[in-house]
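In terms of our numbering, the sequence shown has 76 at position 67, counting the first letter as 1, and numbering is strictly consecutive.
Just so you know, even glycine gets a beta-carbon here, dropped at the ideal spot from N, CA and C.
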Amino acid sequence: MGKITTAGELREYLSQTIAGVGNGTINPDKARDITKLAAQINESFYSEIKVAKVVTELGNVASRMGELKINR
């Protein structure tokens, strides 16, 4: 798989990784590292959604997903 640009592509990549561990083509340690990195990406998604929710509840317009400024 090339560059992963959507949550769906990330899920597909993780599914392929799981299948690779199951059929012996991917080292379980490598799969573990991939899973940890994917968890960080998912945590980032969750954090961005929480920020957008708070911003919206305060009556402001939230940034589009993926465009949240982190250095203001």
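Per the Cβ contact rule, the segment 35-49 is not in contact with the segment 64-71 (fewer than 3 Cβ pairs under 8 Å). Assigned with DSSP and collapsed to three states, K78 falls in coil, not helix or strand. In this structure, the alpha-carbon of G33 lies about 44 Å from that of A71. Ranked by Cα distance from R41, the first of L23, G68, T15, E52 is L23.
It is roughly 46 Å from the alpha-carbon of I35 to the alpha-carbon of N69.
A distance of 9 Å or more separates the beta carbons of L77 and E52.
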